[in-house]
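> Have a look at this one.
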Amino acid sequence: MAIRTEIKDLLEAGVHFGHLTRKWNPNMAPYIYMERNGIHVINLYKTAAKLEEANEALKKIAASGRKILFVATKKQAKDIVADKVSKVNMPYITERWPGGMLTNFVTIRKAVKKMASIDRMKKDGTFDTLSKKERLQVDRLRAKLEKNLGSIADMTRLPGAIFIVDTMREHIAVKEAQKLNIPIFAMVDTNSDPRDIDFVIPSNDDAGKSIEVIMASVTDAVGEGLAERRNEKQQESTEEEEIVDTSKTTAMVIGDEDGEPVAEESESLSLAESEEEVQKEEPKKEEKSKAKKEAAPKKEAPKTEKPKKTEKADDLTKIEGIGPKAAEALVKAGVGTYRELSKAKPDAIKEILTEASSRMAHLDPTSWPKQAKMAADDKWDELKDWQDKAKGGVE
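Quick note: the sequence shown uses our numbering, first residue 1, plus one each step.
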């Protein structure tokens with residue numbers, strides 16, 4: 001029932017309208033329903049199914065605490081994306097895509113820090129000491145940086161995923177995300193190639209209503225993931241409080257503040273003393289029989305190996321350079337915790353990734369054990385500082 005109403009909304013928004021038949025990409029054939037008046041019509045049932053699949057994946061990424069970067073630089077999508085995405089507090093690019101935004105992330109972070117340093121200059125009064133011409137130049141630089149990079153000021157590390165409107169226009173963003181193995185979600189029209197996209201949403205990427213419907217659905221899913229993360233944190237805090245309360249009550253049962261045992265402890269001690277007296281009064285015959293049994297050769301029982309306790313897998317995506325797919329491959333290979341990853345050799349990690357997918361062969365796991373060691377030792381501040389200084393998460 002929910003899919004029908006969604007399809008109805010998609011139909012009313014014109015999501016099914018594709019490009020002219022002469023401009024189509026043959027790889028989009030599975031998502032095309034028919035041809036009408038020289039225009040391809042997209043199959044909305046497949047659009048609804050793919051949209052639901054993408055929403056589930058985005059929800060999990062948001063719940064894990066990773067950022068999702070939204071990219072839409074075309075006129076009809078700029079305002080819609082900025083409005084919807086800002087509500088869920090995610091980074092977005094609606095102006096020109098800065099070359100090396102992902103592959104040269106350290107330089108982009110320097111530009112963002114430059115913007116923060118200008119703000120500090122205005123607060124501490126050093127800005128007023130500059131000449132009129134210098135102040136004008138600094139103001140222009142600040143406005144330019146704010147326009148191009150203001151929306152990603154809070155993105156201190158590479159995003160966990162990237163969402164693109166019109167992959168033909170944002171082809172550089174697609175290539176950079178592919179190089180770093182970042183999952184790509186995109187609205188793909190009939191003139192685009194879906195093979196480079198991890199989560200394809202076949203839809204009209206030119207009409208404002210179509211973009212608005214898709215973005216509303218996607219941002220709602222991201223909002224649900226963030227809400228789940230907040231609820232989990234609240235539950236953890238309440239559990240910690242309960243543990244503290246129970247420890248206080250057990251301390252009251254065992255003894256008072258002066259260390260004197262209460263009645264329950266004294267009763268247990270008296271029972272222990274009575275048991276010792278009974279053992280002393282046992283006849284010597286039993287001791288002799290025990291000695292004979294000990295002297296006789298014992299038959300060794302077959303040893304049974306106890307099953308090893310499997311540790312709960314950690315969130316490996318917090319290590320810079322590890323995406324959801326790489327993390328899944330490592331967990332399947334038995335490297336699911338920070339401690340195990342810190343002991344693994346980079347060559348072995350590389351082999352695991354290459355066997356899982358040829359698309360992950362370019363990843364460089366040299367720094368992963370070092371990062372995992374910091375994570376395993378709960379040195380999160382040190383890890384964050386290291387990731388900020390590292391080039392794209394790799395030394």
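Note that beta-carbon positions come from the ideal geometry of N, C-alpha and C, so glycine has one too.
(1) Secondary structure at residue 388, three-state DSSP: helix, strand or coil?
(2) Locate the beta strand (DSSP E) running through residue 187, then write down its first and last residues.
(3) With a Cβ-Cβ cutoff of 9 Å, do residue 112 and residue 127 count as a contact?
(4) Pick out the complete beta strand (DSSP E) segments inside the stretch 5-61, 3 residues or longer, and give them in chain order.
(5) Which of the three DSSP states, helix, strand or coil, is assigned to residue 197?
(6) For my contact list, residue 348 and residue 225 are in at a C-beta cut-off of 8 Å; report their separation, rounded to the angstrom.
(7) To the nearest angstrom, how far is it from the Cα of residue 22 to the Cα of residue 190?
(8) What are the uninterrupted segments assigned as alpha helix (DSSP H) that are 4 or more residues long and contained completely in the stretch 324-357, given in chain order?
(9) Counting only the same chain and skipping the five closest in sequence on each side, list residues whose C-beta sits under 6 Å from that of residue 76.
(10) Would residue 159 and residue 69 qualify as a contact pair, given that the criterion is a beta-carbon distance under 9 Å?
(11) Roughly how many angstroms separate the alpha carbons of residue 55 and residue 345, rounded to a whole number?
(12) Confirm, please, whether the CB-CB distance from residue 166 to residue 196 is below 9 Å.
(13) Does the contact criterion of 3 or more C-beta pairs under 8 Å hold for the stretch 373-380 versus the stretch 320-328?
(14) Given a cut-off of 9 Å on the beta-carbon distance, is the pair residue 210 and residue 28 in contact?
(15) Would you list the one or two residues that DSSP bridges to residue 161?
(16) Quick one: is residue 107 buried, meaning 16 or more other Cβ sit within 10 Å of its Cβ, or exposed?
(17) Return yes when the Cβ of residue 39 is within less than 9 Å of the Cβ of residue 10, no when it is not.
(18) Shortest alpha-carbon distance to residue 173 belongs to which of 17, 109, 222 and 96?
(19) Nearest to residue 45 by CA position, among 318, 6, 67 and 17, is which residue?
Based on what the coordinates show:
(1) Working through the sequence shown from its first residue, we reach residue 388 at position 388. Of the three classes helix, strand and coil, the one that applies to residue 388 here is helix, per DSSP.
(2) The residue labelled residue 187 in the question sits at position 187 within the sequence shown. Unbroken beta strand (DSSP E) run through residue 187: 184-188.
(3) By 1-based counting over the sequence shown, the position of residue 112 is 112. By 1-based counting over the sequence shown, the position of residue 127 is 127. For residue 112 and residue 127, no; Cβs fall outside 9 Å.
(4) 17-20, 32-36 and 39-42
(5) Residue numbering aside, residue 197 sits at position 197 when the sequence shown is read from its first letter. Note: residue 197 maps to coil in three-state DSSP.
(6) Here residue 348 corresponds to residue number 348 of the sequence shown, with the count starting at 1. Here residue 225 corresponds to residue number 225 of the sequence shown, with the count starting at 1. Going by Cβ atoms, the distance from residue 348 to residue 225 rounds to 32 Å, so no, they are not a contact pair.
(7) To locate residue 22, count along the sequence shown from 1; it is residue 22. To locate residue 190, count along the sequence shown from 1; it is residue 190. So the alpha carbons of these two residues sit roughly 10 Å apart.
(8) 324-332, 338-343 and 346-356
(9) Taking the sequence shown and counting its residues from 1, the one referred to as residue 76 is at position 76. Only 208 meet the Cβ criterion.
(10) To locate residue 159, count along the sequence shown from 1; it is residue 159. To locate residue 69, count along the sequence shown from 1; it is residue 69. The Cβ atoms of residue 159 and residue 69 sit closer than 9 Å to each other.
(11) As a working mapping, residue 55 is identified with position 55 in the sequence shown. As a working mapping, residue 345 is identified with position 345 in the sequence shown. Straight across, the Cα-Cα distance linking residue 55 with residue 345 is about 35 Å.
(12) The count along the sequence shown starts at 1 and reaches residue 196 at position 196. The count along the sequence shown starts at 1 and reaches residue 166 at position 166. No.
(13) no
(14) Here the question's residue 210 lines up with position 210 in the sequence shown. Here the question's residue 28 lines up with position 28 in the sequence shown. No. Outside cutoff.
(15) Taking the first residue of the sequence shown as 1, we reach residue 161 at position 161. For residue 161, which the question treats as bridged, DSSP gives the partners 68.
(16) Here residue 107 corresponds to residue number 107 of the sequence shown, with the count starting at 1. Burial call: exposed.
(17) Along the sequence shown, read from residue 1 onward, the residue named residue 10 stands at position 10. Along the sequence shown, read from residue 1 onward, the residue named residue 39 stands at position 39. Their beta carbons are not under 9 Å apart, which means residue 10 does not touch residue 39 by this criterion.
(18) By 1-based counting over the sequence shown, the position of residue 173 is 173. For the residues 17, 109, 222 and 96, the minimum Cα distance to residue 173 belongs to 96.
(19) Position 45 of the sequence shown, counted from the first residue, corresponds to residue 45. Nearest C-alpha to residue 45: 6.
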